[in-house]
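Numbering (my numbering), first residue to last: 51 to 430.
Just below is one structure, and these are the notes that go with it.
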Ligand code: PLP
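Given below as structure tokens:
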């Protein structure tokens with residue numbers, strides 16, 4: 051199997067798995083228990099919080115462990131409307147469904163309007179439009195705009211967004227699920243109000259996430275109960291998952307410069323070879339502000355079959371048509387770029403530090419073969 055779908059999920063780092071095993075076996079204490087077995091588990095959770103916070107340059111108390119990035123996004127949206135009293139939501143049509151559907155749900159529940167920021171045909175967010183929406187608002191606004199788009203790889207200047215929001219008294223949440231563990235981030239300097247992360251996107255365990263909450267923002271839980279996570283997220287902590295999350299983030303940051311360089315080179319090599327192998331190919335997204343792990347391309351459906359992804363899958367190559375969560379229908383992101391789903395076949399290749407040049411060569415050779423195969427030039 052060749053796995054080029056790392057924006058959907060990643061292979062767990064062995065080192066991250068190894069730190070988890072003791073907490074799934076002998077050291078199974080509940081961090082809320084007063085006895086020594088429990089206190090040991092509490093130490094593990096708090097050490098993980100310290101570690102995650104130091105990687106993201108924030109205070110440990112500002113990190114809440116969640117079950118995934120989706121939960122962190124839900125928490126942020128709910129808290130903004132219910133606890134921070136925001137009365138207007140500003141977002142974009144390019145957000146992940148974990149934000150978009152949550153925004154729509156809570157906007158309807160709290161009866162607050164939603165305004166979409168414009169984007170161009172490359173998927174770049176129009177910051178001037180954001181400024182003008184905020185300038186025209188008397189109500190306190192909640193802005194949620196993602197750091198890196200999971201389908202296109204476009205990177206948003208979240209520091210600029212945070213600055214704009216600050217100038218207008220708005221609360222800013224950044225969905226950083228595709229960037230935490232992939233870019234060195236100093237959330238304090240970036241001045242975001244809230245930020246979401248997800249462990250399985252950077253070789254950590256599935257079922258783990260974080261919500262960073264700026265110390266000035268006081269929020270209530272979305273999940274009520276025993277008051278864990280400093281009264282912000284009840285439920286017995288996933289001790290093993292939290293330890294695995296922290297270890298995976300440490301590993302990701304340990305060699306971040308070298309890993310970024312290597313993956314960038316893979317992507318550059320792949321892009322050049324792809325362009326040569328597949329005539330008519332078009333790169334999607336903003337080439338100037340781009341996350342090094344994601345490469346989205348479109349092929350004209352007049353020349354290539356819609357079954358290309360299936361063919362690759364049959365040959366043991368995992369790629370995606372967009373995000374894994376929306377693989378059932380046309381991509382809302384491509385639609386927001388003004389693309390007609392019937393006119394092109396879109397493929398998202400996404401890379402990790404575990405990919406090699408040899409794998410890239412195999413994928414290119416396979417695509418070359420498929421492109422010359424007689425069944426491919428059939429649209430459908
Ligand atoms: N936000 C973005 C940008 C994502 O790419 C994803 C996952 O694909 C999520 C949120 C959801 O994260 P999780 O799978 O941890 O719920």
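Don't be surprised by glycine CBs; every beta carbon is placed ideally from N, CA and C.
From this set, the options, which residue's C-alpha is nearest residue i's C-alpha?
| i | options | result |
| --- | --- | --- |
| residue 89 | 101, 103, 104 and 73 | 73 |
| residue 221 | 92, 97 and 129 | 129 |
| residue 419 | 400, 326 and 382 | 326 |
| residue 76 | 172, 230, 232 and 290 | 290 |
| residue 252 | 403, 82 and 355 | 403 |
| residue 245 | 162, 58 and 119 | 119 |
| residue 408 | 160, 332, 81 and 316 | 316 |
| residue 59 | 398, 171, 195 and 104 | 398 |
| residue 366 | 299, 336, 412 and 67 | 412 |
| residue 204 | 330, 384 and 329 | 384 |
| residue 145 | 116, 100, 333 and 206 | 206 |
| residue 148 | 226, 416, 115 and 386 | 226 |
| residue 311 | 401, 250, 242 and 288 | 401 |
| residue 236 | 108, 67 and 306 | 108 |
| residue 80 | 386, 300 and 288 | 288 |
| residue 162 | 208, 132 and 219 | 132 |
| residue 386 | 173, 314, 155 and 242 | 173 |
| residue 300 | 61, 102 and 87 | 102 |
Give me the Cα-Cα distance between residue i and residue j, rounded to the nearest whole angstrom.
| i | j | result |
| --- | --- | --- |
| residue 391 | residue 371 | 11 Å |
| residue 369 | residue 113 | 32 Å |
| residue 304 | residue 234 | 10 Å |
| residue 201 | residue 175 | 15 Å |
| residue 167 | residue 340 | 19 Å |
| residue 150 | residue 85 | 43 Å |
| residue 410 | residue 265 | 44 Å |
| residue 271 | residue 361 | 45 Å |
| residue 34 | residue 406 | Nothing about residue 34 can be read from this structure; the chain reaches only from 51 to 430. |
| residue 64 | residue 293 | 13 Å |
| residue 247 | residue 228 | 8 Å |
| residue 414 | residue 153 | 40 Å |
| residue 143 | residue 165 | 10 Å |
| residue 198 | residue 93 | 33 Å |
| residue 297 | residue 393 | 44 Å |
| residue 268 | residue 382 | 33 Å |
| residue 308 | residue 91 | 34 Å |
| residue 141 | residue 71 | 40 Å |
| residue 354 | residue 283 | 48 Å |
| residue 83 | residue 157 | 39 Å |
| residue 169 | residue 78 | 48 Å |
| residue 111 | residue 263 | 9 Å |
| residue 396 | residue 171 | 15 Å |
| residue 69 | residue 352 | 50 Å |
| residue 12 | residue 259 | Since the first residue shown for the chain is 51 and the last is 430, residue 12 is missing from the structure and cannot be characterised. |
| residue 335 | residue 347 | 9 Å |
| residue 104 | residue 96 | 12 Å |
| residue 345 | residue 359 | 15 Å |
| residue 195 | residue 224 | 5 Å |
| residue 49 | residue 416 | For the chain, the structure presents residues 51 to 430; residue 49 sits outside this window and is missing. |
| residue 388 | residue 356 | 19 Å |
| residue 427 | residue 66 | Unreliable positioning characterises residue 427 in this predicted model, as indicated by a pLDDT of 44, which lies under 50. A coordinate reading is not provided. |
What is the residue span of the alpha helix (DSSP H) that residue i lies within?
| i | result |
| --- | --- |
| residue 72 | 64-74 |
| residue 272 | Residue 272 -> no alpha helix (DSSP H), and no H or E assigned at all. |
| residue 302 | 289-304 |
| residue 125 | 119-132 |
| residue 155 | 147-160 |
| residue 416 | 407-422 |
| residue 237 | 237-240 |
| residue 183 | 177-185 |
| residue 359 | 358-364 |
| residue 88 | 86-105 |
| residue 383 | 382-386 |
| residue 212 | 208-217 |
| residue 280 | 278-281 |
Got a sec, what are the start and stop residues for the beta strand (DSSP E) residue i sits in?
| i | result |
| --- | --- |
| residue 248 | 244-248 |
| residue 224 | 221-225 |
| residue 395 | 394-400 |
| residue 349 | 344-350 |
| residue 166 | 164-166 |
| residue 191 | 191-194 |
| residue 230 | Looking at the DSSP string, residue 230 is not in any beta strand (DSSP E), and its letter there is neither H nor E. |
| residue 261 | 259-263 |
| residue 114 | 113-116 |
| residue 141 | 138-141 |
May I ask you to verify whether the region 51-63 touches the region 274-284, counting CB pairs closer than 8 Å and requiring at least 3? no
Would you call the region 313-330 and the region 109-126 touching, i.e. three or more CB-CB distances under 8 Å? no
Any contact of the region 174-191 with the region 130-141, i.e. 3+ C-beta pairs under 8 Å? Output reads yes: the region 130-141 touches the region 174-191.
Contact between the region 210-226 and the region 180-187: three or more CB pairs below 8 Å? yes
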